[in-house]
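Undergrad:
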Amino acid sequence: MKRLLVLGAFAMQLMSTAEAQQKTNPEDIKEKMQWFADAKLGIFIHWGIYSVNGIDESWSFHNKKIAYPDYMQQLKGFTANNYNPQAWADLIKESGARYAVMTTKHHDGVALWDSKYSKLDVANSTPAKRDVLTPFYAALRRDSIKCGAYFSLIDWSHNDYPQFLKDSNRYDIKVHPEKWQRFLKFYEGQMEEVMTKFNPDLWWFDGDWEHSAEEWEAPKMRKMLTTHNPNTIINGRLQGYGDYETPEQNFPVSRPKYHWWELCMTINNNWGWQPQDTNWKTPFEIITIFVDAVANGGNLLLDIGPKADGTIPEEEVHMLKELGAWNQRNGEGIFNTIGGIPQGHFYGPTTMSKDSSTLYLFLPARTSGPVMVKGLSNKIESITVLGNGSQLTHKVVGKISWSPVPGLVYIDVPENVQDKYVTVLKVKLDKAVKLYRGQGGFLTND
Ligand code: H79
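If you use mature numbering (1 follows the signal peptide of the UniProt record, and there is no 0), the sequence shown corresponds to residues -20 to -1, 1 to 426, in order.
1. Rounded to whole angstroms, what's the CA-CA distance from Gly420 to Arg309? Just pull it up for me.
2. What residues are listed by DSSP as bridge partners for His374?
3. Between the beta-carbon of Asp111 and the beta-carbon of Trp93, is there less than 9 Å?
4. Suppose the cutoff is 6 Å on Cβ atoms and the five residues either side in sequence are ignored; what does the same chain contact list for Ile267 look like?
5. Taking C-alpha atoms, which residue in Tyr224, Gly369, Trp253, Lys261 lies nearest to Ile247?
6. If you compare alpha carbons, which of Gly222, Leu300, Glu296, Met332 is closest to Thr274?
7. Looking only at its own chain, which residues have a Cβ that is under 7 Å from the Cβ of Lys99, when we skip the five neighbours before and after it?
8. Is any heavy atom in the ligand H79 found nearer than 8 Å to the beta carbon of Thr262?
9. Taking 8 Å as the cut-off, does the CB of Phe315 come closer than this to any heavy atom belonging to the ligand H79?
10. Could you tell me the distance, in whole angstroms, from the CA atom of Gln1 to the CA atom of Tyr221?
11. Helix, strand or coil, according to DSSP, for Phe41 in the structure here?
12. My assumption, with CB atoms under 8 Å, is that Met186 sits in contact with Trp196. Please give the rounded CB distance.
13. Please report the distance separating the alpha-carbon of Tyr30 from that of Tyr48.
14. What beta strand (DSSP E) runs, 3 residues minimum, are completely inside the region 269 to 294?
15. Should Trp382 be labelled buried (16 or more other beta-carbon atoms within 10 Å of its own) or exposed?
Written out as structure tokens, the structure is:
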């Protein structure tokens, strides 16, 4: 009997491993990931009661910067008085973003929809007195923007959730498994609510690190979401049961190996609205970071933090508009492209058309001299500047007629054709890109 049990457990484990591998096999999810791969830019929105005082979302009470009851007092100030969901969606559209990810519930447990599982939602416990998600997702869909739902697995407010403050837990799961079972019912119920009400195109989980895949019942949750909507995309924060990786704030230096990844990043230092934080990144910085992510095969999920009345801070509005104007001029080199050629061929980020017969070169700075491409075996048919269509001339230097080593391509880029932020050169090749990556010299065939 015991042996049977052990065997059974072993088979279960094998099954769940096989399931995990199957679920995350890139070949199997390639099709549903295509819009995400093409989208490049998403807008992240952190909106919650933390914007009333302008303090850290959830972490402020967890880390005891504010007492929990005082944190919850903010419920009384969440008015959404000037909330205009269509204007939000239109601004996101204007930025060029193709998806938006909205906090449906942060670690503080305050739901932004009308939840039947808890009174702790903005409809029942704040002066906003309404579900603020339904009109926003409707507006996004009117603008053909994909709908993402940020959903915190952690719920530090729930009495059946073990963790609470950084140095005090409510209970130990091993001692009180029945409490954890109650929490699972609650969290799975809320997830199901978000699923049926909004049918998200993308789920952005957060906080998985507090429990294991088994404890979260991650395979079961994945199955529930993908059964309801086989095309829904799940971010990588579900203890191994997600579809793509999510580096946060920190930029990868070398190209990540994952098939799909997305850098989430704030415009100043914080996710939610915090008036004392004026450390705004400049449009140039945001655009160079965006370009670098795309050139490395990733997306940028850029965060905004609206105020409690629903106003988006003017610095963020300005950023999204500048980004949008830049995308209007240069989006051809960004959207629907693939990551570029390896580093070393050009001193800057690059992308390519899907058939790799067009290269897009992003100038890392304004230049008064020519830029150079190394190791390009193709013939160049034309070089144009995105945004103004100027044709550029180039010169091939150092090509030896009988050698397989290509020459260096020098491209003149007059100052008056350059973009105010990042200039993009469209290089049309005779056929799919072919790179020389050898050591130079006579005797090499490669
Ligand atoms: O919603 C925003 C943040 O509130 C949330 N994610 C973004 C999108 C977030 N904040 N911090 N983190 C996610 C990562 C936190 C990591 C830590 Fe830890 C938690 C550091 C210490 C405790 C995980 C667990 C890493 C080390 C231990």
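The C-beta atom is built at its ideal place from N, Cα and C for all residues, glycine as well. Since the model is a prediction, treat every value here as computed from it, not as a measurement.
TA: Let's see:
1. Each residue's Cα considered, the two are about 38 Å apart.
2. Looking at the DSSP output, His374 sits in a beta bridge with Ile391.
3. Yes. Within cutoff.
4. Counting only Cβ-Cβ distances below 6 Å, and skipping sequence neighbours, we find Trp306, Tyr401, Val402.
5. Across the set Tyr224, Gly369, Trp253, Lys261, the C-alpha of Lys261 shows the shortest separation from the C-alpha of Ile247.
6. The amino acid occupying residue 274 in the given sequence is Val; Thr does not appear at that position. The shortest C-alpha separation from Val274 is found at Met332.
7. Same-chain partners within the cutoff: Ser105.
8. No, since every heavy atom of the ligand H79 falls outside the 8 Å radius drawn around the Cβ of Thr262.
9. Checking the Cβ of Phe315 against the ligand H79 gives no.
10. Confidence at Gln1 is low in this model, with a pLDDT of 40, below 50, so its placement is unreliable and the value that follows should be read with caution. Their Cα atoms are separated by approximately 9 Å.
11. In the structure shown, Phe41 sits in a helix (DSSP, three-state: H, G or I).
12. The sequence shown places Asp at residue 186, rather than the Met named in the question. About 12 Å; that fails the 8 Å criterion.
13. Whole-angstrom Cα-Cα distance: 12 Å.
14. Those beta strand (DSSP E) runs which fall completely within the region 269 to 294 and span 3+ residues are 278 to 284.
15. Counting C-beta atoms within 10 angstroms of its own C-beta, Trp382 has fewer than 16 neighbours from the protein chains shown and is therefore classed as exposed.
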